[in-house]
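Beneath this line is the structure, given in structure tokens, with notes to follow.
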Amino acid sequence: MSKTDSTFSWTVYEADKLTQREIYGIVLKDLGARHPEIVGLSADLAKSTKIGTFGDAYPDRFFNFGIAEQNMFGVAAGLAQAGLTPFVSTFSAFASMRACEFVRTDICYQNLNVKIIATHGGISFGSAGTTHHATEDYAIVRAFPNLTVIVPADAIETAQAVKKCMEIDGPVYIRIGRGFEPGVYTAEDYEFEVGKAIEMRSGTDLAIIATGATVYHAVQAADILKAESGISARVLNMHTLKPLDEEAVLKAVAETRRLITVEDHNVINGLGSAVADVIAASGKGCAFTKLGLPDRFSPHGYPEDLMHKFHVDTDGIVDKVRELLNREFEEAEDWEDEV
Amino acid sequence: MPLTDQELKELQQQAKSIRREIVDVTGWSGGAHIGGSLSMTDILTLLYWKYMRLDPARPDWEDRDRFVLSKGHGGVGHAVVLAQRGFFDREVLHKFNETDSMLGMHLDCHKVPGCETSTGSMGHGLSQAVGMALGARVLKKDWRVYCVIGDGESNEGSIWEAAMSAAHYKLDNLIVFQDRNHMMIDGPTEEVMSLEPLADKWRAFGFETREVDGHDMTRLAEAIDEALRMKGKPFMILCDTVKGKGVDFMENKPDWHYGGLSSELVEKAKQSIGE
Amino acid sequence: MALSDEQLAGRIVLRAVLPVIKVMLEDDPAVKKAFENVSGTVQFRAQDEEGPVGACLVFENGAFSVEQGIRENPDLLFDFPSLKSMNDMFRGKPVLPRLAPLLRGIPGHFGLLVKTFKVLLGMKILMPNAKPKTPEKAYLKVKMSLYMVSTALSQMNKAGDPDMHAWTSKQPERIYQWSVDGTDIACYLKMKAGNTKAGRGIYTRRKPFVHMRFSSVDAALPVLANTVDTVSAISQGLVINDGSPEYGGRIGDFMMKISKLLT
Numbered sequence: 005m006s007k008t009d010s011t012f013s014w015t016v017y018e019a020d021k022l023t024q025r026e027i028y029g030i031v032l033k034d035l036g037a038r039h040p041e042i043v044g045l046s047a048d049l050a051k052s053t054k055i056g057t058f059g060d061a062y063p064d065r066f067f068n069f070g071i072a073e074q075n076m077f078g079v080a081a082g083l084a085q086a087g088l089t090p091f092v093s094t095f096s097a098f099a100s101m102r103a104c105e106f107v108r109t110d111i112c113y114q115n116l117n118v119k120i121i122a123t124h125g126g127i128s129f130g131s132a133g134t135t136h137h138a139t140e141d142y143a144i145v146r147a148f149p150n151l152t153v154i155v156p157a158d159a160i161e162t163a164q165a166v167k168k169c170m171e172i173d174g175p176v177y178i179r180i181g182r183g184f185e186p187g188v189y190t191a192e193d194y195e196f197e198v199g200k201a202i203e204m205r206s207g208t209d210l211a212i213i214a215t216g217a218t219v220y221h222a223v224q225a226a227d228i229l230k231a232e233s234g235i236s237a238r239v240l241n242m243h244t245l246k247p248l249d250e251e252a253v254l255k256a257v258a259e260t261r262r263l264i265t266v267e268d269h270n271v272i273n274g275l276g277s278a279v280a281d282v283i284a285a286s287g288k289g290c291a292f293t294k295l296g297l298p299d300r301f302s303p304h305g306y307p308e309d310l311m312h313k314f315h316v317d318t319d320g321i322v323d324k325v326r327e328l329l330n331r332e333f334e335e336a337e338d339w340e341d342e343v
Numbered sequence: 032m033p034l035t036d037q038e039l040k041e042l043q044q045q046a047k048s049i050r051r052e053i054v055d056v057t058g059w060s061g062g063a064h065i066g067g068s069l070s071m072t073d074i075l076t077l078l079y080w081k082y083m084r085l086d087p088a089r090p091d092w093e094d095r096d097r098f099v100l101s102k103g104h105g106g107v108g109h110a111v112v113l114a115q116r117g118f119f120d121r122e123v124l125h126k127f128n129e130t131d132s133m134l135g136m137h138l139d140c141h142k143v144p145g146c147e148t149s150t151g152s153m154g155h156g157l158s159q160a161v162g163m164a165l166g167a168r169v170l171k172k173d174w175r176v177y178c179v180i181g182d183g184e185s186n187e188g189s190i191w192e193a194a195m196s197a198a199h200y201k202l203d204n205l206i207v208f209q210d211r212n213h214m215m216i217d218g219p220t221e222e223v224m225s226l227e228p229l230a231d232k233w234r235a236f237g238f239e240t241r242e243v244d245g246h247d248m249t250r251l252a253e254a255i256d257e258a259l260r261m262k263g264k265p266f267m268i269l270c271d272t273v274k275g276k277g278v279d280f281m282e283n284k285p286d287w288h289y290g291g292l293s294s295e296l297v298e299k300a301k302q303s304i305g306e
Numbered sequence: 192m193a194l195s196d197e198q199l200a201g202r203i204v205l206r207a208v209l210p211v212i213k214v215m216l217e218d219d220p221a222v223k224k225a226f227e228n229v230s231g232t233v234q235f236r237a238q239d240e241e242g243p244v245g246a247c248l249v250f251e252n253g254a255f256s257v258e259q260g261i262r263e264n265p266d267l268l269f270d271f272p273s274l275k276s277m278n279d280m281f282r283g284k285p286v287l288p289r290l291a292p293l294l295r296g297i298p299g300h301f302g303l304l305v306k307t308f309k310v311l312l313g314m315k316i317l318m319p320n321a322k323p324k325t326p327e328k329a330y331l332k333v334k335m336s337l338y339m340v341s342t343a344l345s346q347m348n349k350a351g352d353p354d355m356h357a358w359t360s361k362q363p364e365r366i367y368q369w370s371v372d373g374t375d376i377a378c379y380l381k382m383k384a385g386n387t388k389a390g391r392g393i394y395t396r397r398k399p400f401v402h403m404r405f406s407s408v409d410a411a412l413p414v415l416a417n418t419v420d421t422v423s424a425i426s427q428g429l430v431i432n433d434g435s436p437e438y439g440g441r442i443g444d445f446m447m448k449i450s451k452l453l454t
């Protein structure tokens, strides 16, 4: 049957109306009420990136620059120089690659107070395919001095990060998904500190270090591993990629001696490499495995399917841990329908 | 206000002084982007000595006019202007290019008083100038933004993105000068990557455009006066200039985009410029 | 071999619709009381090209189960000349057959017959156009509809429906959850590599892949009746589709197909 027969069908662009999870747009709007120096910028993506919520509330402080990202980031630098605090939003692919030099040279080099909300990171824009996937952005922006890089685990954490931006003097890069990612937190009532990883689950058999959309999967994997295989896995939400919480990594090395990193990003120069740097520099022995996208361009597909395909979802983490710890698992399946 | 004869004379003298010092700095530093600095000297002299609202003692003065050198490689020219205008001690010019010096090929806004932004890579400054002009509007300020861009620089797409957005946002507090010296590193602009018809392009992009001789201060001043009265559109003063202007052996030579000068050549150059 | 629409509808009637009678027996006080001390078997039988198909309702003093297949000596027999006529009865069409040739064993089980008819009439509440008159009836309608749909989806897969099976065979372990806030109404569909299982309550071993959360019983009614499209339903706050919107859409498509088969 045709996909459009059902009242349940919708197009990619309507889907933006359905992302009730993504609350940062509302948070930014609230911040805007208390901080008249905040201005918002978009490159024809106001709705998809949710910055449109701010734009609708403050049309005089919101500027669309059309599909011209390089200019937009340059303008953001100029606005910051004039004394304002610009929040600039576009897809991660365009923020990190198309406008790379403007982010680095105009914003980071000049250490300006520009806050970048890079959406649709990793393969989260699944159906759009490789051109819209940002699978190298951690690698690129981690190397920019002066930049704080935050990858929130879910919408609530994104709201936290956006608020924290106002306390950070200098440029910030916040990388999020498309807005349909499952929630990890139920409220903002937890301590969120830039640069401090959050221990989601305690454990001593191994440590799973995750960031962004993979945190949900790491937590679920840890729970399944505990319930079904008696494995006690520590889960660290490494929401700040730069500056990395080296102390948390070293603690995990010392207390579990086995680390697995998982990210919606290429295995080259992302979270895994950042953690590996710390381990190598410490001189301590430790088993180490990186889960991430391989060094191949990602195909198009629904993001959940792609994450499964590349083993960075719950099943991927569970399977890898069982493999590393030589634990087999036979699932007793009952497929009878309940009444 | 049209320039009086007295003003014109003083400004022309000032321009000569700047040109001579640019030559000196090129000599001291071992090499600089001299050609493109000499071509824009008259524009900068007019701006810094007649038009811009500035206080060298307060480089961060909130209500100052902003100047953005988008063709950031003209740093040596800008540095001399800032020094002679009193933003910092002229002695520092002797250290141009040295490690740990405040001054290098591309000025660093964190180090150089009076420098608004660290440019160097082509096609960045104009966007930032747009941002500043937009910022002035948001903050309801009446300071203006003056920006000098290169012609070779206008190969960069981002220049046109910036132009499009300036017109879209009707930034009449933004005045852009194109230092049209017709030369780039690999040769004349029209041979490397042609730009003509350039004035037509600016008009098509929504800029009120005037074409003037970039070394005729009277005409330049007239154009600036017009620009200051312009409402609802950004302004482009397309300055026909000569690369290496003032030094006879450099004029119109792409080779002098960047060069070093022996003490002998320094003397020759200064003589050509005159007192 | 692909089932015809009537065969698929028949399967849904027997395996997904009839079982939700259990909800009425447990949650509707009048029905519960009526069947408290009733024991008996009611056989539904329909003639299909490949032979008779059917299911038997087994009442045992308040307990209830549905036995698939044809019992030898049921207390009551609802016999239909074709799958279509049985399906039509559940589509709310006036299929009430001539009693005499179609129903046997009436004399000794008149009470069971009357009560069963009452239950069947009560099930009209499942029809999209049926508007429940009380909050209790609304609760029943939503609960029965969701239970029915979750099982129907699973049965559709088990029946080898090509569309459904093609889809489920590519899925890793995923849970599709339905629930209504402020009530105990919850059911799920688990699928993995071509297998499906409908379950009751909130699945606990894993978080749901798609969770369709209705904000209340009243909010669920228009959505289940397809009188409001999902985008509007979501923006009005009637339902939240938590999880993959594409897969939420797919499940919605299949829910719609079931709805059409039973209309």
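Heads up: the protein sequence lines correspond to chains A, B and C, in order. Counting from 5, one number per residue, gives the positions in the first sequence under the numbering used here. Counting from 32, one number per residue, gives the positions in the second sequence under the numbering used here. Counting from 192, one number per residue, gives the positions in the third sequence under the numbering used here. Every residue, glycine too, gets a C-beta built ideally from N, C-alpha and C.
Asked, Found
"Straight-line CA distance for M71/B to L226/B?", "19 Å"
"DSSP has Y367/C in a bridge; who is on the other side?", "L380/C, V401/C"
"In or out: G188/B buried (at least 16 other Cβ within 10 Å) or exposed?", "exposed"
"State the Cα-Cα distance for the pair N270/A and I144/A, rounded to the nearest angstrom.", "11 Å"
"Is D31/B helix, strand or coil by DSSP?", "Because residue 31/B is not part of the residues shown, which for chain B are 32 to 306, the question remains open."
"The ligand GDP and G277/B: does any heavy atom of the ligand fall closer than 6 Å to the residue's C-beta?", "Absence of the ligand GDP is noted for the structure shown, with no ligands found whatsoever."
"Going by beta carbon distance, what residues of the same chain come within less than 6 Å of K332/C, once the five residues before and after it are set aside?", "I316, P323"
"Let me know the secondary structure DSSP gives M170/A once reduced to three states.", "coil"
"Can at least three beta-carbon pairs, one atom from the segment 102-117 of chain A and one from the segment 169-188 of chain B, be found at a separation below 8 Å?", "no"
"Distance check for V257/A and L240/A, CA to CA, integer angstroms please.", "12 Å"
"What is the rounded straight-line gap between the Cα of E122/B and the Cα of K274/B?", "27 Å"
"Whole angstroms is fine: what's the gap from K201/B's alpha carbon to F184/A's?", "38 Å"
"How would you label F269/C, buried or exposed, when you count the other beta carbons within 10 angstroms and need 16 or more for buried?", "buried"
"For a test of the three-state rule: what should DSSP assign to K171/B, helix, strand or coil?", "coil"
"Please specify which runs of the beta strand (DSSP E), each continuous and at least 3 residues long, are wholly inside the segment 137-184 of chain A, giving them in chain order.", "152-154, 176-179"
"Here's the rule: buried if 16 or more other CB atoms are within 10 angstroms of the residue's CB, otherwise exposed. What is H288/B?", "buried"
"Mind pulling the chain C residues with CB within less than 8 Å of D319/A?", "P363, E364"
"DSSP on L245/A, reduced to helix/strand/coil?", "strand"
"Helix or strand or just coil, what does DSSP make of I212/C?", "helix"
"Are the segment 73-93 of chain B and the segment 102-118 of chain B in contact at 8 Å, needing three or more beta carbon pairs?", "yes"
"Any chance the segment 261-281 of chain B sits against the segment 229-246 of chain B, with 3 or more Cβ pairs inside 8 Å?", "yes"
"Looking only at its own chain, which residues have a Cβ that is under 6 Å from the Cβ of G277/B, when we skip the five neighbours before and after it?", "R50, L69, I304"
"Apart from the five residues just before and just after A225/C, which ones in its own chain have a Cβ nearer than 6 Å to its Cβ?", "K306"
"For P288/C and P243/C, what's the separation of their Cα atoms in angstroms?", "In this prediction, P288/C has a pLDDT of 49, which is less than 50 and means its spatial position is unreliable; nothing more can be read from the coordinates."
"Out of D203/B, F208/B, D173/B, S132/B, state which residue places its alpha-carbon closest to the alpha-carbon of D94/B.", "D173/B"
"Report the residues of the segment 31-53 of chain A with a CB closer than 8 Å to any CB of chain C, ordered along the chain.", "none"
"Please check if any C-beta of chain F sits within less than 7 Å of the C-beta of G234/A.", "This model lacks chain F altogether, as its protein chains are A, B and C."
"Should S336/C and L429/C be called a contact, given that it needs their Cβ atoms to be closer than 7 Å?", "no"
"Helix, strand or coil for R302/B per DSSP?", "A quick correction: the sequence has Gln, not Arg, at residue 302/B. Helix, per DSSP."
"If you draw a straight line from the C-alpha of L205/C to the C-alpha of G245/C, how long is it?", "7 Å"
"Confirm, please, whether the CB-CB distance from H136/A to A97/A is below 7 Å.", "yes"
"Within this structure, are the beta carbons of V176/B and A194/B separated by less than 7 Å?", "no"
"Rounded to whole angstroms, what is the Cα-Cα separation between T325/C and V422/C?", "28 Å"
"Is the beta carbon of Y330/C sitting closer than 7 Å to the one on V211/C?", "no"
"I'd like to know whether the C-beta of S101/B is nearer than 7 Å to at least one C-beta of chain A.", "no"
"Helix, strand or coil for P285/B? Go by DSSP, reduced to three states.", "helix"
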